[in-house]
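In this note's numbering, the protein residues as written are 44 to 466.
Presented below is the structure to which this report refers.
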């Protein structure tokens, strides 16, 4: 597990307090594309995109350019669930016998079943607990029967889109979300529409009109989108959509009434503010936050935004991100992000406080920090330009605040950091 220095300070300055956003690599190595299963920094990805998290804390990743689906266990161990690295194709089968073609997004159902927007194959795939991959909806890998012309630069799509199983048609679906009612929402990106897919494979179009780009708010077929991508179901039951080329977040009610929720389709920028005054360049995903509101992936701007429950948008993370494509929150607000062009899955801890103090008149120090229950931390000190483990053994956090007490070092000053082990 690679870790990130999230706490540093000068000893013997009384009580020091630090509030900081912390970004830690979970899996993969920055800028190193490839395919390798392993732990933490020993793993390799090739353009990780869609991201989902189950109730046990496992992450599932569409490793798009590797054409495979990966799993990251809570200890940081990365395995390949389905597909064969580097081999695109359109094959159903178990585990490595299956083939995908640029899988773009993934959703997990309460029973653990996985659903994949297999973008290059223009279909929706299902992955069972035993790794068996089947095609839920769409004609696997086939574009031969497409006849509605979008122009030479774009694949065209069948005029009759809705149907059950292989009778349905998609065009580069790139967003998928599981609804609590037991069906799937899909952003049919190339068709500029939002679809509903039942677990038996029945597909219906909810909003937008195939082949027509636009910015129009309205109900059902009267609404227009421009390359809708990631989506999620909010706490209110409405669907929220990253309408990427419209530079907006759209909201769709269960009755398919579509409105602009944040941003402005007439202006592309990266700007904080009240939701309708905020600006996005190319939002690619949106994820619910446990405290209300959402996390928004701003891919073109290499940033994440936080849209709070009261409707304000602020910058959440940037600088080191490179085309973040998908995000998901855990129950206490930590954010996992598929940092696509950095070839990493990363953890962002929004709320982090820490302090250091001398224990009474003794020669002992206590360091206290916000922590993730069930995760282990290692205290390190910088010595001769290298980080080494400090005397305290790794600490397993049992609550949202953890502390460690240890003897005062002989050197009366130093820089310490706390490493998150696992994620």
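Cβ coordinates follow ideal geometry from the N, Cα and C atoms, glycine included.
This structure is a prediction, so every number in the text was calculated from the model and none was measured.
From the options, residue whose alpha carbon lies closest to that of residue i
{"i": "residue 86", "options": "99, 71, 100", "result": "71"}
{"i": "residue 388", "options": "399, 410, 375, 363", "result": "363"}
{"i": "residue 316", "options": "112, 356, 340", "result": "356"}
{"i": "residue 256", "options": "237, 83, 128", "result": "237"}
{"i": "residue 178", "options": "240, 319, 350, 230", "result": "240"}
{"i": "residue 345", "options": "313, 373, 351", "result": "313"}
{"i": "residue 328", "options": "301, 321, 293", "result": "293"}
{"i": "residue 458", "options": "443, 417, 410, 416", "result": "410"}
{"i": "residue 423", "options": "416, 432, 84", "result": "432"}
{"i": "residue 416", "options": "451, 386, 376, 405", "result": "376"}
{"i": "residue 172", "options": "249, 330, 151", "result": "151"}
{"i": "residue 530", "options": "365, 135, 230", "result": "Absent from the model: residue 530. The displayed extent of the chain is 44 to 466, so no value can be given."}
{"i": "residue 322", "options": "331, 350, 302", "result": "350"}
{"i": "residue 286", "options": "279, 280, 91, 274", "result": "274"}
{"i": "residue 208", "options": "233, 73, 243, 217", "result": "243"}
{"i": "residue 89", "options": "352, 128, 211", "result": "128"}
{"i": "residue 332", "options": "365, 283, 311, 367", "result": "283"}
{"i": "residue 366", "options": "245, 101, 342", "result": "342"}
{"i": "residue 405", "options": "447, 451, 426, 425", "result": "451"}
{"i": "residue 254", "options": "222, 225, 215", "result": "215"}
{"i": "residue 245", "options": "261, 222, 210", "result": "210"}
{"i": "residue 276", "options": "310, 326, 223", "result": "223"}
{"i": "residue 119", "options": "84, 108, 326", "result": "84"}
{"i": "residue 226", "options": "427, 82, 180", "result": "180"}
Residue i - partner residues in DSSP beta bridges
{"i": "residue 143", "result": "131"}
{"i": "residue 384", "result": "None; residue 384 has no bridge partner."}
{"i": "residue 282", "result": "276, 295"}
{"i": "residue 331", "result": "337"}
{"i": "residue 462", "result": "421"}
{"i": "residue 255", "result": "Residue 255 pairs with nothing; no bridge assigned."}
{"i": "residue 325", "result": "Note: residue 325 sits in no beta bridge, so no partner."}
{"i": "residue 181", "result": "Residue 181 is not bridged to any residue."}
{"i": "residue 94", "result": "104"}
{"i": "residue 231", "result": "236"}
{"i": "residue 347", "result": "340, 360"}
{"i": "residue 372", "result": "378"}
{"i": "residue 126", "result": "DSSP output for residue 126 lists no bridge partner at all."}
{"i": "residue 120", "result": "82"}
Enclosing beta strand (DSSP E) for residue i [first to last residue]
{"i": "residue 440", "result": "Per DSSP, residue 440 belongs to no beta strand (DSSP E) and is neither H nor E."}
{"i": "residue 273", "result": "271-276"}
{"i": "residue 99", "result": "First-last for residue 99: undefined, no H or E at that position."}
{"i": "residue 304", "result": "300-306"}
{"i": "residue 238", "result": "236-240"}
{"i": "residue 170", "result": "166-170"}
{"i": "residue 413", "result": "407-413"}
{"i": "residue 113", "result": "111-115"}
{"i": "residue 249", "result": "245-250"}
{"i": "residue 157", "result": "157-161"}
{"i": "residue 221", "result": "218-221"}
{"i": "residue 289", "result": "It is not in any beta strand (DSSP E) - residue 289 carries neither H nor E in the DSSP assignment."}
{"i": "residue 432", "result": "429-432"}
Cutoff 7 angstroms; reference residue i; Cβ partners in own chain excluding five residues on either side
{"i": "residue 80", "result": "86, 121, 122, 123"}
{"i": "residue 174", "result": "124, 125, 137, 138"}
{"i": "residue 251", "result": "235, 236, 237, 266, 267, 268"}
{"i": "residue 153", "result": "none"}
{"i": "residue 354", "result": "317, 318"}
{"i": "residue 10", "result": "Residue 10 cannot be examined here, being either before or after the span of the chain that is shown, 44 to 466."}
{"i": "residue 217", "result": "147, 148, 160, 162, 230, 232, 272"}
{"i": "residue 281", "result": "294, 295, 296"}
{"i": "residue 372", "result": "330, 331, 332, 333, 338, 378"}
{"i": "residue 304", "result": "283, 292, 293, 294, 318"}
Sequence-distant residues of its chain with Cβ nearer than 6 angstroms to residue i (five each side left out)
{"i": "residue 170", "result": "125, 157, 176"}
{"i": "residue 434", "result": "449"}
{"i": "residue 247", "result": "205, 239"}
{"i": "residue 60", "result": "Because residue 60 sits at a pLDDT of 29, beneath the cut-off of 50, its placement in the model cannot be relied upon, and the point is left open."}
{"i": "residue 289", "result": "258, 269, 308"}
{"i": "residue 93", "result": "105, 147, 148, 149, 369"}
{"i": "residue 155", "result": "172"}
{"i": "residue 184", "result": "133, 164"}
{"i": "residue 263", "result": "250, 299"}
{"i": "residue 352", "result": "335, 336"}
{"i": "residue 182", "result": "209"}
{"i": "residue 117", "result": "100"}
Check: residue i C-beta below 8 angstroms from any heavy atom of the ligand NAP
{"i": "residue 118", "result": "The ligand NAP is not part of this structure, which contains no ligands at all."}
Same chain, Cβ closer than 8 angstroms to residue i, five either side skipped, listed in chain order
{"i": "residue 443", "result": "375, 413, 414, 415, 416"}
{"i": "residue 144", "result": "110, 131, 132, 133, 161, 162, 163, 164, 184"}
{"i": "residue 203", "result": "212"}
{"i": "residue 76", "result": "87, 88, 89, 90, 108, 386"}
Would the region 397-413 and the region 371-386 be scored as touching if the rule is three or more Cβ pairs under 8 angstroms?
no
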